[in-house]
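Asker:
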Amino acid sequence: MVLVEDGVIRDVDFTGAAAPEYATVTDFGPDEWLLPGLIDAHVHLCWDGTKDAVAHVASDDRETVLETARASAATTLQGGVTTVRDLGDRDYLSLALREQVPSTEIPEIVAAGPPITARGGHCHFLGGEAEGADALRAAVRERLEQGCDVVKVMASGGNVTPGSNSLDQQYDRSDLRLIVDEAYRLGLRTAAHAHAVQAIADAVDAGFDTIEHFSFFTPDGVDLRQEVLDKVVRGGTFVSLTVGMMPGKAPTLPAVVARFAAMTELVAKVIASGARVVPGTDAGATSGKRHGVYPYALIQLAELGMPTRDVLRAATTEAAEAVGRGGHKGVLRPGADADLLVLGSSPVDDVSAVTDIRAVYRAGHRVR
Ligand SMILES: [Zn+2]
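Numbering (the numbering used here), first residue to last: 27 to 394.
Here it is, written out as structure tokens:
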């Protein structure tokens with residue numbers, strides 16, 4: 027029994043005690059499973075999850091992009107994902123969304139705004155270009171002033187931006203450290219997008235809270251550096267693994283297609299290493315990653331060797347810590363937000379039960 031009041035969990039009882047008399051009771055019966063709402067550590071609400079997602083987010087007018095973000099958020103919430111960390115909007119539209127739309131229509135949004143990137147670099151079209159110490163400090167301050175929770179930096183190039191190469195480093199180690207120091211000074215968390223081996227090593231050294239992708243690209247394939255992985259395990263850095271693909275879809279980005287088998291093997295090794303892994307789908311970025319893709323990320327983690335209990339912990343408690351909402355999200359505990367998911371069968375027996383949704387609650391309101 028989970029007792030909810032004013033959007034917050036007041037009590038949790040496993041003994042079969044009766045509900046207080048003043049409470050309205052919804053009984054889901056003995057066979058259904060109650061979980062904290064799920065958390066996606068890496069989404070792009072402004073991106074529409076079509077093959078033309080880049081062109082749309084780069085060129086559509088503000089109102090159209092905001093409408094895309096609203097639809098993306100609604101789809102995500104209906105899938106039982108009650109918190110997302112948006113790691114790349116345009117023009118701070120994910121913040122506009124969470125201000126303008128009631129919280130019962132969208133997940134809680136942990137927002138980065140536009141990622142900080144090199145001039146003409148990965149996702150430059152989102153509006154976050156900054157180079158040099160002064161501009162980087164100003165960029166971090168701007169995110170604080172806009173109301174962001176986290177600073178996202180493109181430490182390497184990326185796969186979806188024409189002209190950007192994921193093997194290139196966009197910032198050196200001192201730039202990355204400067205960004206992390208400035209963010210911490212201002213009370214913001216930090217996330218680094220990193221594909222290239224050296225960019226990952228530098229981002230880990232700089233002290234980012236989460237490393238996105240963690241894919242160890244080399245010109246010929248991928249090369250998981252054990253010493254970097256060891257450092258991540260020792261330091262408790264969160265690895266936001268880019269998992270999940272819509273059924274029937276396969277990777278289309280050439281850099282990923284060429285490396286896909288090796289990347290899958292790498293993810294299995296990272297899981298086995300004991301690193302603090304959380305699922306980050308990159309939902310919205312491509313047509314294989316439509317909003318709503320999240321359950322397939324959890325199924326993939328299980329297929330790659332993660333025990334189901336660990337998958338569920340990664341998707342809730344661990345992800346909440348990674349995105350800076352520990353204690354408020356991802357737990358069924360007095361004082362936590364009443365974001366709840368009810369499933370028709372056991373996700374411990376088979377994690378694909380996360381697609382068998384009976385109810386979703388957001389801030390104590392039933393939204394499905
Ligand atoms: Zn992304």
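All residues carry an ideal CB built from backbone N, CA and C; glycine is no exception.
Relative to the C-alpha of Asp256, which candidate in Ala217, Arg302, Gly213 and Asp246 has its C-alpha closest?
Answerer: What you label residue 256 is simply residue 230 of the sequence shown in a count that begins at 1. Closest option to Asp256, Cα to Cα, is Arg302.
Asker: Beta carbon of Asp112: closer than 6 angstroms to some heavy atom of ligand 1?
Answerer: The sequence position of residue 112 within the sequence shown is 86, counting from 1. Asp112: no, Cβ never under 6 angstroms from ligand 1.
Asker: For the alpha helix (DSSP H) holding Asp160, just list the boundary residues, first then last.
Answerer: As a first step, residue 160 is located in the sequence shown; it is residue number 134 there, counting from the start. Run containing Asp160: Ala159 to Gln172, per the alpha helix (DSSP H) assignment.
Asker: Please confirm whether any heavy atom of ligand 1 lies closer than 6 angstroms to the CB of Asp308.
Answerer: By one-based count along the sequence shown, residue 308 stands at place 282. Yes, Cβ of Asp308 sits closer than 6 angstroms to a heavy atom of ligand 1.
Asker: With a cut-off of 7 angstroms, does the C-beta of Glu171 fall near any C-beta of chain D?
Answerer: In summary, chain D is missing from the structure at hand, where a single protein chain is found.
Asker: Quick check: Ala217 and Ala229, are their CB atoms within less than 7 angstroms of each other?
Answerer: For the purposes of this step, residue 217 is taken as the residue at position 191 of the sequence shown. For the purposes of this step, residue 229 is taken as the residue at position 203 of the sequence shown. The answer is no: Cβ separation not under 7 angstroms.
Asker: Nearest to Ile205 by CA position, among Lys355, Ala159 and Gly147, is which residue?
Answerer: Here residue 205 refers to the residue found at position 179 of the sequence shown. It is Ala159 whose Cα lies nearest to the Cα of Ile205.
Asker: Ile297 lies in the alpha helix (DSSP H); which residues open and close that run?
Answerer: Reading the sequence shown from its first residue, position 271 is the one you call residue 297. Phe286 to Ala298 is the span of the alpha helix (DSSP H), which, as asked, contains Ile297.
Asker: Between the region 135-155 and the region 177-190, can you find at least three pairs of beta-carbon atoms closer than 8 angstroms?
Answerer: Output reads yes: the region 135-155 touches the region 177-190.
Asker: CB-CB under 8 angstroms to Asp57, same chain, minus the five flanking residues each way: which ones, in chain order?
Answerer: Sequence index remark: in the sequence shown, residue 57 carries index 31 (1-based). Answer for Asp57: Gly370 and Ser371, listed in chain order.
Asker: Are the CB atoms of Leu152 and Leu212 nearer to each other than 7 angstroms?
Answerer: As a position in the sequence shown, residue 152 is number 126, starting the count at 1. As a position in the sequence shown, residue 212 is number 186, starting the count at 1. No, these two residues do not count as a Cβ contact at 7 angstroms.
Asker: So, are the CB atoms of Leu61 and Leu367 less than 7 angstroms apart?
Answerer: Here residue 61 refers to the residue found at position 35 of the sequence shown. Here residue 367 refers to the residue found at position 341 of the sequence shown. Yes, Cβ-Cβ distance for Leu61 and Leu367 is below 7 angstroms.
Asker: Tell me the rounded alpha-carbon separation between His391 and Pro305.
Answerer: Start at 1 with the first residue of the sequence shown, and residue 391 comes out as number 365. Start at 1 with the first residue of the sequence shown, and residue 305 comes out as number 279. When rounded, the distance between both Cα atoms is 25 angstroms.
Asker: Among Val254, Ala97, Ser266 and Gln224, whose alpha-carbon lies nearest the alpha-carbon of His239?
Answerer: Translated into positions along the sequence shown, residue 239 becomes position 213. Comparing Cα-Cα distances from His239 to each of Val254, Ala97, Ser266 and Gln224, the minimum goes to Ser266.
Asker: Can you tell me which of Ala288, Gly183 and Ala328 puts its alpha carbon nearest to the alpha carbon of Val380?
Answerer: Walking along the sequence shown from the start, residue 380 turns up at place 354. Measuring from the Cα of Val380, the nearest candidate turns out to be Ala328.
Asker: Is DSSP giving Pro46 helix, strand or coil here?
Answerer: The residue labelled residue 46 in the question sits at position 20 within the sequence shown. In the structure shown, Pro46 sits in coil (DSSP, three-state: anything other than H, G, I, E or B).
Asker: Taking the C-alpha atoms as reference points, what is the distance between Thr130 and Glu93?
Answerer: Within the sequence shown, the letter at position 104 stands for residue 130. Within the sequence shown, the letter at position 67 stands for residue 93. Whole-angstrom Cα-Cα distance: 17 angstroms.
Asker: Under three-state DSSP, which class holds Gly261?
Answerer: Residue numbering aside, residue 261 sits at position 235 when the sequence shown is read from its first letter. If DSSP states are grouped into helix, strand and coil, Gly261 belongs with the helices.
Asker: Quick one: using the 10 Å Cβ neighbour count with 16 as the cut-off for buried, is Glu410 buried or exposed?
Answerer: The shown model of the chain, from 27 to 394, leaves out residue 410, and the question about it has no answer.
Asker: Just verifying my parser: in three-state terms, what is the DSSP assignment at Glu155?
Answerer: On the sequence shown, residue 155 is found 129 positions in, with the first residue counted as 1. Looking at Glu155 - three-state DSSP - the assignment turns out to be strand.
Asker: Specify, as a first and last residue, the run of the alpha helix (DSSP H) that Ser241 falls within.
Answerer: In the sequence shown, residue 241 corresponds to position 215, counting from 1. Note, Ser241: premise wrong, no alpha helix (DSSP H); beta strand (DSSP E) at Thr236 to Phe243.
Asker: Count the other C-beta atoms from every protein chain shown that fall within 10 angstroms of the C-beta of Lys77, then say buried if there are 16 or more, exposed otherwise.
Answerer: Working through the sequence shown from its first residue, we reach residue 77 at position 51. Looking at its Cβ environment, which holds fewer than 16 other Cβ atoms inside 10 Å, Lys77 is exposed.
Asker: Do the CB positions of Ser192 and Ser182 come within less than 7 angstroms of each other?
Answerer: In the sequence shown, residue 192 corresponds to position 166, counting from 1. In the sequence shown, residue 182 corresponds to position 156, counting from 1. Yes.
Asker: When DSSP labels each residue in this structure, what does Ile135 get in the three-state scheme?
Answerer: Here residue 135 refers to the residue found at position 109 of the sequence shown. In the structure shown, Ile135 sits in a strand (DSSP, three-state: E or B).
Asker: Using 8 angstroms as the cut-off, can you tell me whether the region 103-120 makes contact with the region 346-356, which would need three or more C-beta pairs spanning the two stretches below that distance?
Answerer: The region 103-120 vs the region 346-356: in contact.
Asker: Which same chain residues, not among the five before or five after Ser313, have their C-beta less than 6 angstroms away from its C-beta?
Answerer: Counted from its first residue, the sequence shown places residue 313 at position 287. Answer for Ser313: Thr76 and Lys77, listed in chain order.
Asker: Whether or not the region 31-43 and the region 357-366 are in contact is what I'm after, with contact meaning three or more pairs of Cβ atoms, one per stretch, closer than 8 angstroms; do they touch?
Answerer: Short answer: they touch.
Asker: I need the DSSP call for Gln196, collapsed to helix, strand or coil.
Answerer: Against the sequence shown, residue 196 aligns to sequence position 170. Three-state result, Gln196: coil.
Asker: Apply the 10 Å Cβ neighbour rule to Gln264 and answer buried if 16 or more other Cβ atoms are within range, or exposed otherwise.
Answerer: Counting from one through the sequence shown, the residue named residue 264 turns up at place 238. In the sequence under discussion, the amino acid at residue 264 is Phe, which differs from the Gln named in the question. Looking at its Cβ environment, which holds 16 or more other Cβ atoms inside 10 Å, Phe264 is buried.
Asker: DSSP puts Arg116 in a beta bridge; with which residues?
Answerer: The residue you call residue 116 lines up with position 90 of the sequence shown. DSSP lists no partner for Arg116.
Asker: Name the DSSP beta bridge partners of Trp59, please?
Answerer: One-based indexing of the sequence shown puts residue 59 at position 33. DSSP lists Leu369 as partners of Trp59.
Asker: As a quick exercise: from Thr90, Ala67, Trp59 and Ile65, pick the residue whose alpha carbon is nearest that of Trp73.
Answerer: Taking the sequence shown and counting its residues from 1, the one referred to as residue 73 is at position 47. Checking every option, the nearest Cα to that of Trp73 belongs to Thr90.
Asker: Looking only at its own chain, which residues have a Cβ that is under 6 angstroms from the Cβ of Asp227, when we skip the five neighbours before and after it?
Answerer: Counting from 1 along the sequence shown, the entry for residue 227 is found at position 201. The amino acid at residue 227 is misidentified as Asp; the sequence shows Ala. Within the same chain, Ala227 has close Cβ partners Val254.
Asker: Assuming Leu279 is part of the beta strand (DSSP E), what are its boundary residues?
Answerer: If you number the sequence shown from 1, residue 279 lands on position 253. Element bounds for Leu279: n/a, residue is neither H nor E.
Asker: Assuming Met271 and Tyr210 form a contact by the criterion Cβ under 8 angstroms, report the distance between their Cβ atoms to the nearest whole angstrom.
Answerer: Counted from its first residue, the sequence shown places residue 271 at position 245. Counted from its first residue, the sequence shown places residue 210 at position 184. About 34 angstroms separates the two Cβ atoms, so there is no contact after all.
Asker: Tell whether a beta-carbon distance below 7 angstroms holds between His150 and Gly114.
Answerer: Stepping through the sequence shown from its first residue, residue 150 is reached at position 124. Stepping through the sequence shown from its first residue, residue 114 is reached at position 88. Contact: no.
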